[in-house]
Amino acid sequence: MGGEVKINYDYFALTGKWQNVAYFLRQGHLLAHIVDRFKWHYFPKYFITPAFPTHIDIETSSRCQMRCPMCKTTKMAEKGLDFMGCMDFGIYEKIIDECIKEPLYSIKLSWRGEPLLNPDIVKMVRYAKEKGIKDVAFLSNGERLTQKLAEDLILSGLDWLSISFDGMGELYDKVRAPAKFIETLEKIKYIRVFREKSGKNKPLIRIQSIHSAISRKEEEFLRLWDGIADRVNFIADQKRSLNEDDYEQNPAYICPSPWQRACISWDGKVVQCYGDYMQGNVLGNVNEKSLKEIWHDQPFIKLRKLMKSGKRLSTKPCRICSDGGLIEEKMVMIDRRKIKAVQYVNQRIDINVLTDIEKRNEA
């Protein structure tokens, strides 16, 4: 079978080589981290199913105060699809208590929504760290950060925080409404200030933007984060449509996810992967079975067989996912460095044409 397993191929660092090495080293647990990265990159290539996922995405909240034009949840909300909620701490506790008995390395407390909308988020981070989870992190839009919340997250033991920060100035304000460019920038600066003041090395601060929002301004965007962020990234544009016809799929692509990670929705459902926003293929429920049972149960086994045999497009979640789309290579110049990047065919977002975005945020 001539399938292609590609890992982290649409994700690029603007920060330089040595900053990225330093970022890797500062994550700590060096030996465990190296073992985890080996499993992450090589188990999918050889179709090795680990005894337990090396990473778990836990959706602490599917709610979000934003309606960003490139987000699939925006399209879902426009169609009136009801998917929003916050994870109950009891479900979360059950998941963590199982994870600490298994060879799991990391958890990410976010998926479709904004984790800072869960009132228990600090408690959740603290519980995972006290129980011994090595790497605890989440993605956020940062808009709900306050100085008190930033301080509590730092003191809770959070390992890294990734802030989605698309563009600069007025463009950021449009894309990320109701957030404001200067206000969010100051909130992120405070994380760095308090981290240094408290003598902590973590959380590591990672900034990422979709590429179209900083295209031809990559160096300016990188300079913006001098002395604030530990790493600055951009990701390939993805339209994230609900319509299958909007994607040009690569039939040879084999998604590595079923050999790497499990994704748990706020109400306990284990879905096909982090790209299955519509919950089109539910593989189990942690309220009914252990995650380890689900990981080795028939739905997951069937999914891996479909991937391995090149039949992933028989599942609807794969047909409306950008990850398996056809790609084109391109070069980006940063500080006289050439970065080899990719973009998905016909997936580039015209970020400057944001029709009716203000109305959508007011709705």
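Reading the sequence shown from the start, the letters are residues 30 to 392 in the numbering used here.
Built from N, CA and C at the ideal position, the CB exists for glycine as well.
Inter-residue CB distance, residue i and residue j (contact presumed, cutoff 8 Å)
i: residue 323; j: residue 276; result: Incorrect: roughly 28 Å between the Cβ atoms, too far for contact.
i: residue 370; j: residue 85; result: Not quite, the Cβ-Cβ distance comes to about 28 Å (not below 8 Å), so this is no contact.
i: residue 266; j: residue 372; result: 6 Å
i: residue 136; j: residue 63; result: The Cβ separation is near 19 Å, so there is no contact.
i: residue 82; j: residue 138; result: Contact doesn't hold; Cβ gap of about 15 Å is too wide.
i: residue 183; j: residue 217; result: So it is not a contact: roughly 13 Å between Cβ atoms.
i: residue 233; j: residue 55; result: 6 Å
i: residue 239; j: residue 263; result: 7 Å
Residues near residue i by beta carbon distance below 6 Å, same chain, minus five either side
i: residue 333; result: 287
i: residue 120; result: 297
i: residue 261; result: 43, 44, 236, 251, 254
i: residue 32; result: 281, 283, 339
i: residue 35; result: none
i: residue 383; result: Residue placement at residue 383 cannot be trusted, given a pLDDT of 49 that sits under 50; what the coordinates show is reported in the next sentence. Excluding residues within five positions, the ones whose Cβ falls inside 6 Å are 98, 203.
i: residue 387; result: Note that residue 387 scores 39 on pLDDT, short of 50, meaning its location in the model is unreliable; the coordinates nonetheless yield the value given after this. Answer for residue 387: no residue qualifies.
i: residue 65; result: 83, 134
i: residue 113; result: 91, 92
i: residue 101; result: 269, 306
i: residue 180; result: 223
i: residue 174; result: 216
i: residue 466; result: Residue numbering for the chain in the displayed model covers 30 to 392; residue 466 lies beyond these limits and cannot be assessed.
i: residue 116; result: 89, 295
Neighbour flag for residue i against chain B, beta carbons, 8 Å
i: residue 214; result: Reference to chain B is not applicable here, since this structure consists of a single protein chain.
Close Cβ partners of residue i (< 7 Å) along its chain, the five nearest in sequence each way excluded
i: residue 361; result: 247, 368, 370
i: residue 304; result: 346, 350, 352
i: residue 185; result: 151, 154, 155, 158
i: residue 328; result: 312, 313
i: residue 70; result: 36
i: residue 308; result: 294, 298, 300
i: residue 243; result: 196, 250, 263
Residues near residue i in its chain [Cβ-Cβ closer than 8 Å; skip 5 each side]
i: residue 341; result: 282, 283, 284, 335, 347, 353
i: residue 379; result: 241
i: residue 178; result: 145, 151
i: residue 356; result: 38, 39, 265, 279, 371, 372, 373, 374
i: residue 30; result: Residue placement at residue 30 cannot be trusted, given a pLDDT of 42 that sits under 50; the coordinates are not used to answer.
i: residue 191; result: 166, 167, 168, 169, 235, 236, 237
i: residue 343; result: 335
Local Cβ density within 10 Å of residue i, reported as buried at 16 or more and exposed below that
i: residue 231; result: buried
i: residue 392; result: Low local confidence applies: a pLDDT of 44 at residue 392 is under 50, so the model's placement there is unreliable, and no value is given.
i: residue 148; result: exposed
i: residue 396; result: An answer regarding residue 396 cannot be provided, because it is not within the stretch 30 to 392 covered by the chain.
i: residue 47; result: exposed
i: residue 245; result: exposed
i: residue 385; result: Confidence in residue 385 is poor, its pLDDT being 43 and thus under 50, which makes the residue's placement too unreliable to answer from.
i: residue 207; result: exposed
i: residue 176; result: exposed
i: residue 259; result: buried
i: residue 365; result: exposed
i: residue 196; result: buried
i: residue 77; result: exposed
i: residue 50; result: exposed
i: residue 161; result: exposed
i: residue 214; result: buried
i: residue 188; result: buried
i: residue 75; result: exposed
i: residue 317; result: exposed
i: residue 172; result: buried
i: residue 125; result: buried
i: residue 227; result: exposed
i: residue 403; result: Since the first residue of the chain shown is 30 and the last is 392, residue 403 is not available in this structure.
Proximity test, residue i beta-carbon vs the ligand ATP heavy atom, cut-off 7 Å
i: residue 40; result: With respect to the ligand ATP, the structure shown offers nothing to examine, as it has no ligands at all.
**Message:** Between the region 139-152 and the region 31-41, can you find at least three pairs of beta-carbon atoms closer than 8 Å?
**Reply:** no
**Asked** In the region 141-166, which residue ranges form an unbroken alpha helix (DSSP H) of at least 4 residues, counting only runs that do not cross its ends?
**Response** 150-160
**Item:** In chain order, each beta strand (DSSP E) run of at least 3 residues that lies wholly inside the region 328-386
**Value:** 356-363, 366-373
**Request:** Ignoring anything shorter than 4 residues or poking outside the region 222-252, list the alpha helix (DSSP H) runs there in chain order.
**Result:** none
**Prompt:** Which ranges does the beta strand (DSSP E) cover as unbroken runs of at least 3 residues, wholly within the region 78-146, from first to last along the chain?
**Reply:** 84-87, 135-137
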